Amino acid sequence: MAHLGCNLKMTQIANRRQIAVVGGGYAGMAAAVSLAEQNINVTVFESARILGGRARKISYRDQELDNGQHILSGAYSELLRLMEIVGVDSRACIRAPLTLNMPPAFLLQAPRWIAPFHLLGAMFTARGLTIREKLSAMRFVSHLRARQFRVDDNQTVEDLFVAHKQPEAVIKYLWQPLTVSALNTPVCTASAQIFANVVRDALIATRKASDLLLPRRDLSAVFPEPAADWIERHGGQVNLGVRVKSISGTSGCFQVETDISTTKFDAVIVAAGPHQLATIAMPSGTLTPFKFEYEPIVTVYLMFDSEVTLTKPMIGQADGIVQWFFDRRQMVDRAVSGSGLIAAVISASGSHQELSQDELAAVVLRELTIHAGALPKLVWHKVVVEKFATFACTPAAQEQRPDVVTRTPGIFLAGDYCAGDYPATLEGAVRNGIRAASKAADFLRHRDTK
Ligand SMILES: Cc1cc2nc3c(=O)[nH]c(=O)nc-3n(C[C@H](O)[C@H](O)[C@H](O)COP(=O)(O)OP(=O)(O)OC[C@H]3O[C@@H](n4cnc5c(N)ncnc54)[C@H](O)[C@@H]3O)c2cc1C
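Counting from 47, one number per residue, gives the positions in the sequence shown under our numbering.
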């Protein structure tokens with residue numbers, strides 16, 4: 047009986063429709079999990095030897111680091127749902143109510159009250175703003191809410207602040223850090239509509255959605271690696287170190303050529319980054335041409351020979367090159383005791399790009415002393431520069447973002463850059479991965495019923 051059961055299962059798997067996913071970042075792995083959930087046979091091809099793409103682990107001098115320190119939000123409902131499905135426990139992240147701590151100038155902390163009282167409480171107890179400034183910020187949020195968070199598509203975030211007469215201090219300590227962290231784009235060019243979406247979903251929707259989540263594990267272990275294990279347990283395959291060179295064929299019968307083999311698939315989801323798409327040959331006319339500018343993110347890791355402790359795991363600063371410092375010892379599961387590891391994040395383009403890596407590390411060290419006082423001996427620094435961290439989230443880019451459905455039936459796109467409400471974030475990538483999987487499944491269903 048056991049043998050017959052096994053044969054039956056093998057026949058079912060052989061008969062299942064086959065979809066290839068190109069790219070094992072958050073979008074590709076979200077697409078693959080969604081397909082496997084629907085009993086569709088999925089094969090992931092990832093050119094790197096590590097899963098996660100722009101959110102992946104790196105090793106340096108026996109330390110497990112990430113290619114960039116990431117923050118998740120309680121509003122990342124789809125990523126959190128998929129993490130639960132693939133068995134990632136809630137201890138993978140430290141979860142805390144919304145806090146913007148920029149000592150000594152500013153502190154905003156949301157109480158555990160239901161929305162929108164959590165935000166009212168946070169605003170009225172915030173340190174560093176006058177009553178007039180707090181009221182102005184609240185009026186601005188009410189105005190966005192009254193208009194259902196719809197603003198002029200061509201407006202920049204700066205235009206929006208000018209139109210709503212936002213005081214300088216409110217911009218400096220509240221709106222600018224929020225814009226740069228979420229959209230990775232300076233306020234003078236960032237899309238007002240995407241900013242309004244972030245305020246809607248990550249500030250006022252619910253108290254829990256406004257929580258901040260800091261990963262305690264490396265970014266590959268937060269979702270892509272457990273997702274790969276789950277996919278393999280559900281009959282799929284995840285191939286690392288395999289680069290897809292071309293996708294050829296037509297509706298429902300595609301050949302995916304990698305550097306080691308060519309395999310047939312019923313449909314393909316291309317989940318490579320937008321700057322990597324040109325390296326994959328596809329049937330002519332598949333992609334609607336789009337052109338993005340990109341914004342960098344730099345993470346500077348500083349390792350000290352003894353403990354350096356910040357007052358909170360994450361503190362910000364409004365003056366200086368660094369936007370956020372993270373005390374990795376307070377966050378990461380396997381922190382090395384007796385040493386201090388700080389990650390400093392510099393989002394978006396700016397004057398720091400003119401500095402060499404050593405000069406940048408020296409500036410970061412100087413800025414850190416403002417928050418941590420006299421520092422122990424620096425053992426090493428590591429500067430990780432991601433030049434193509436995200437597309438520049440401008441009003442013009444909003445018009446360019448392609449849909450997940452391409453012009454070749456059966457080929458789909460997935461990624462943080464595809465059309466959607468979110469800026470280039472883990473949640474944006476995951477939502478588009480799920481959407482691409484749903485469109486690909488519909489395509490197969492439609493084809494099979496013809
Ligand atoms: C330094 C940094 C900090 C960030 N901070 C945050 C943050 O705090 N919060 C947040 O939400 N977001 C943050 N982001 C953005 C977030 O990381 C991205 O939006 C998200 O990871 C994009 O995922 P993706 O799957 O769309 O693309 P990618 O992660 O780029 O995945 C694409 C994958 O495709 C693979 N690939 C490409 N070509 C091929 C090929 N030919 N064959 C096979 N595989 C291929 C690549 O190797 C890659 O693994 C940050 C990004 C960076 C770089």
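Ideal placement from N, C-alpha and C gives every residue a C-beta, glycine not left out.
Since this is a predicted model, take the numbers as computed values, not measurements.
Residue i in three-state terms, based on DSSP
i: Phe-269; result: coil
i: Asp-373; result: strand
i: His-49; result: At His-49, the pLDDT of 32 sits below 50, so the modelled position is not reliable; the number obtained from the coordinates is stated separately. Residue state, collapsed to three classes: helix.
i: Thr-495; result: coil
i: Leu-258; result: strand
i: Ile-153; result: Per the sequence presented here, residue 153 reads as Leu, with Ile not at that position. In the structure shown, Leu-153 sits in a strand (DSSP, three-state: E or B).
i: Ile-96; result: coil
i: Met-360; result: strand
i: His-189; result: helix
i: Thr-89; result: strand
i: Asn-243; result: helix
i: Gly-133; result: coil
i: Leu-54; result: Confidence is the limiting factor: at Leu-54 the pLDDT is only 32, short of 50, which leaves the residue's position unreliable, though a coordinate-based value still follows. DSSP places Leu-54 in helix when its eight states are reduced to three.
i: Val-233; result: coil
i: Thr-332; result: coil
i: Leu-118; result: strand
i: Asn-478; result: helix
i: Phe-195; result: coil
i: Trp-159; result: coil
i: Ser-297; result: coil
i: Lys-103; result: strand
i: Lys-485; result: helix
i: His-321; result: coil
i: Gln-283; result: strand
i: Ala-313; result: strand
i: Ile-217; result: helix
i: Ser-292; result: strand
Proximal residues to residue i (C-beta, below 6 Å), its chain only, five neighbours per side dropped
i: Leu-81; result: Ile-65, Val-88 and Ala-483
i: Thr-309; result: Val-302
i: Gln-222; result: Val-233
i: Gly-298; result: Asp-312, Gly-456 and Arg-493
i: Ile-293; result: Phe-300, Val-302, Val-314 and Met-328
Residue i beta carbon near ligand 1 (any heavy atom closer than 7 Å)
i: Phe-91; result: yes
i: Asp-462; result: yes
i: Gln-322; result: yes
i: Leu-259; result: no
i: Ile-113; result: Looking at the sequence provided, one finds Asn at residue 113 rather than Ile. Correct: Asn-113 has its Cβ closer than 7 Å to ligand 1.
i: Ile-480; result: no
i: Gly-396; result: no
i: Ala-78; result: no
i: Gly-70; result: yes
i: Glu-473; result: yes
i: Thr-325; result: yes
i: Arg-289; result: yes
i: Glu-432; result: yes
i: Gly-319; result: yes
i: Thr-452; result: no
i: Ala-73; result: yes
i: Ala-94; result: yes
i: Ile-343; result: yes
i: Leu-459; result: no
Own chain partners of residue i with C-beta closer than 8 Å, once the 5 adjacent residues on each side are dropped
i: Pro-422; result: Phe-350, Asp-351, Ser-352, Glu-353, Val-354 and Gly-386
i: Met-129; result: Ala-138, Val-268, Phe-269 and Pro-272
i: Asp-257; result: Ser-119, Gly-120, Arg-141, Ala-142, Pro-143 and Leu-144
i: His-116; result: Ala-101, Pro-261, Leu-265 and Leu-472
i: Tyr-340; result: His-321, Lys-433, Phe-434, Ala-435, Thr-436, Phe-437 and Ala-438
Endpoints, the beta strand (DSSP E) within which residue i is located
i: Phe-163; result: No beta strand (DSSP E) contains Phe-163, which is instead part of the alpha helix (DSSP H) from 163 to 171.
i: Asp-112; result: 109 to 112
i: Ile-457; result: 457 to 459
i: Gln-64; result: 64 to 68
Beta-ladder partner(s) of residue i, from DSSP
i: Ala-209; result: BP columns for Ala-209 are empty, so no partner.
i: Thr-436; result: Glu-341
i: Met-148; result: Phe-152
i: Leu-387; result: Met-349
i: Arg-141; result: Leu-259
First through last residue of the alpha helix (DSSP H) which encompasses residue i
i: Tyr-72; result: 72 to 83
i: Ala-418; result: 403 to 418
i: Leu-229; result: 222 to 229
i: Asn-445; result: Asn is not the amino acid found at residue 445; the sequence shown has Glu there. First-last of the alpha helix (DSSP H) with Glu-445: 441 to 446.
Neighbourhood of residue i by C-beta, 7 Å cutoff - its chain only, sequence neighbours within 5 removed
i: Arg-173; result: Phe-152 and Leu-153
i: Gly-461; result: Ala-73, Ala-317, Gly-319, Pro-320, Ala-475 and Asn-478
i: Tyr-106; result: Lys-428
i: Asn-200; result: Pro-441
i: Ala-470; result: Asn-230, Thr-436, Phe-437, Cys-439, Asp-462 and Tyr-463
heavy atom of ligand 3 below 7 Å from residue i C-beta
i: Gly-99; result: Absence of ligand 3 from the depicted structure is noted, with ligand 1 being the only ligands included.
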